[in-house]
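Numbering (our numbering), first residue to last: 86 to 656.
Below you'll find the structure, written out as structure tokens, and then a few comments.
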């Protein structure tokens, strides 16, 4: 009887588990679980750094979800997408095929972007546009409403999730923009109404901009600066930005139209996103302004503006190919001007500034937010805006998301007290920690899930693990040595050992090291061959033993740890 009561009490608790977006900026994906039902919010990808060489993207670890569905027979009632940035929708084609069918909901533009991501990845799903404010009963335990919010991509929404334990306010990326480009403002009055009439038990909220102490500037303020730079450019103006930043693209087009320039879109992602936005009437292009990139060379440079994908210096992007002169349709000349109308994504600073450096050394005037803050305004709320939002929502508990740990801690220490909350009301779960919220408003840590983001490398998903990454890191640091030993009729030819080096030493200038490797290899084989009693040493044992012995010996001599491969070849 007691066990039954305890089980019922547990079923009355709402569990919250971030699969990403907790202590990092990307891989945003959140699990809300009540009883036998699960609601998902967002499905974003992450970006590799120096610790993940060769990796293209990271996707959330959904092992917990698969276990709940398979073993505990729970069902996913739906997924809500907050907005169209890839760190919130980019993992859809990788994640959705692994899960049973369920509806995916969001705003018109977000669903438009999501459909293209799914199609590009060869995945299919049931997607539905959910109008603002309309309460949708997904199941007995979950209902959802979308609330208009301003951000750097149109049609961004905050989500009010109705549950048996109370309302959850899921407030991912946002800013309080009072003069948005499209005129669609966030509905502060509706927030206050929900807070007053229904109450908010838990608020998850974007905290990335908490280090900035002034109220953020409107996106519409970027347009005049883009126009000024365009007017002063003698050759082509090349603007690279986030491909989903439809408001920024609209302002570039407006300025070009005013100054009599033609606009060409370059890069699959920006071309695709603009097409979706135009089809949904989320942007307007005056007749005659837009031209096909294939015909751009037919126009004088001084009459052109190119909007190019690849603002983060992504390898293989249209922008990087243009910078290094390998793009078939774009050439950047010294009289041209380039604007990076985007900040570096946290963790991607090396790639971003490498692209800027290459342009600068080539004599191309390059403008980026560090030297001209007016060419980009963040889409994330600054500290005063975060205080403002929290004052309107008045939640029982608040969980800062979408930032690094320093942002979450600063939110707890500054934003919450300024909005009238106690620090104890701010939740800072660590990665993999699952919280439960009871109908009485109590919060508890109920489980810790080990999360291992999946690496996507080319066409492979999940086949690159820690061991492979360690090998790649070792190769990048100290290079590689391959030692080839010939054997004929069971006898080793120690006079003809071959050593091949890549990234370790230049063979011609390091004969002493090469000679040492050869002699030490012969010594190790003799030692290892004599240790086995009652039989021969297997080839794999010899290769592994020589590999370990050489690694120790080389480190003592030159204090470097190259990757070592030993091959014994029978002739």
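C-beta atoms are modelled at their ideal positions from N, C-alpha and C, and glycine is treated no differently.
Report the residue from 537, 565 and 509 whose alpha carbon sits nearest the alpha carbon of residue 529. Of the listed residues, the one whose Cα sits closest to residue 529 is 509.
Compute the distance between the beta-carbons of residue 587 and residue 615, then report whether it is under 8 angstroms. No. Outside cutoff.
Per DSSP, what are the beta-bridge partners of residue 131 in this structure? DSSP, once it has assigned bridges, lists 143 as partnering residue 131.
DSSP three-state label for residue 516, please. For residue 516, the three-state secondary structure derived from DSSP is coil.
Would you tell me roughly how many angstroms separate the C-alpha atoms of residue 524 and residue 282, rounded to the nearest one? Each residue's Cα considered, the two are about 17 angstroms apart.
Entirely within the segment 392 to 446 and at least 4 residues each: give me those alpha helix (DSSP H) ranges in chain order. Considered as a whole, the segment 392 to 446 harbours 403 to 408 and 434 to 446 as its complete alpha helix (DSSP H) runs of no fewer than 4 residues, in chain order.
Assigned secondary structure, residue 109 (DSSP; H/G/I helix, E/B strand, else coil): Residue state, collapsed to three classes: coil.
Which residue wins for smallest C-alpha separation from residue 111, given the options 121, 102 and 143? The option with the nearest alpha carbon to residue 111 is 143.
Under DSSP, the beta strand (DSSP E) around residue 117 begins and ends at which residues? Note, residue 117: beta strand (DSSP E), 114 to 119.
Residue environment, residue 310, which counts as buried when at least 16 other CB atoms sit within 10 Å: With a threshold of 16 other beta carbon atoms within 10 Å, residue 310 meets it and is buried.
Could you work out which residue in 649, 526 and 635 is closest to residue 252 when comparing CA atoms only? The option with the nearest alpha carbon to residue 252 is 526.
Can you name, in chain order, every residue of its own chain whose Cβ lies under 7 angstroms from the Cβ of residue 300, other than the five neighbours on each side? 467, 469 and 470, listed in sequence order.
Own chain partners of residue 197 with C-beta closer than 7 angstroms, once the 5 adjacent residues on each side are dropped: So the qualifying residues of the chain are 361 and 365.
Cutting at 6 angstroms between CB atoms, please list the residues of its own chain near residue 443, excluding the five before and the five after it. 408.
Drop a sphere of 10 angstroms on the beta-carbon of residue 125, count the other beta-carbons inside from all chains shown, and report buried for 16 or more, exposed for fewer. Around the beta-carbon of residue 125, 16 or more other beta-carbon atoms lie within 10 Å, marking it buried.
Check whether the Cβ atoms of residue 189 and residue 323 sit closer than 8 angstroms, and answer yes or no. Against a cut-off of 8 angstroms, the Cβ pair of residue 323 and residue 189 comes out as no contact.
Exposure label - residue 406; buried when at least 16 CB within 10 Å: Looking at its Cβ environment, which holds 16 or more other Cβ atoms inside 10 Å, residue 406 is buried.
Which term fits residue 393, buried or exposed, when burial requires 16 or more other beta carbons within 10 angstroms of its beta carbon? Residue 393 should be labelled buried.
Compute the Euclidean distance between the alpha carbons of residue 382 and residue 391, then round it to the nearest angstrom. In this structure, the alpha-carbon of residue 382 lies about 11 angstroms from that of residue 391.
To the nearest angstrom, how far is it from the Cα of residue 606 to the Cα of residue 635? A direct Cα-Cα distance of roughly 7 angstroms separates residue 606 from residue 635.
Roughly how many whole angstroms lie between the Cα atoms of residue 401 and residue 170? Separation of residue 401 and residue 170 (C-alpha to C-alpha, rounded to the nearest whole angstrom) is 20 angstroms.
Who are the near neighbours of residue 308 in its chain, counting only those whose CB is closer than 7 angstroms to its CB and skipping five residues on each side? Here residue 308 has 336, 339 and 340 as same chain residues with Cβ atoms under 7 angstroms from its own Cβ, once five neighbours each way along the sequence are excluded.
Once DSSP output is grouped into helix, strand and coil, what is the label at residue 572? Under the three-state reduction of DSSP, residue 572 is assigned to strand.
Along the alpha helix (DSSP H) that carries residue 155, what are the first and last residues, could you check? First-last of the alpha helix (DSSP H) with residue 155: 148 to 155.
Looking at C-alpha atoms only, which residue of 370, 167, 378 and 388 is the closest neighbour of residue 344? It is 388.
Status (buried if at least 16 other CB within 10 Å, exposed otherwise) for residue 574: Residue 574 should be labelled exposed.
On the CB-based measure, 16 or more other CB atoms within 10 Å of its CB, does residue 451 come out buried or exposed? The residue in question, residue 451, is buried, as its Cβ has 16 or more Cβ neighbours within 10 Å.
Should residue 448 be counted as a contact of the ligand ZN given a C-beta to heavy atom distance under 7 angstroms? Here there are no bound small molecules, and the ligand ZN is not part of this structure.
Reducing DSSP to helix, strand and coil, say where residue 636 ends up. Looking at residue 636 - three-state DSSP - the assignment turns out to be helix.
With DSSP collapsed to three states, give me the class of residue 173. Under the three-state reduction of DSSP, residue 173 is assigned to helix.
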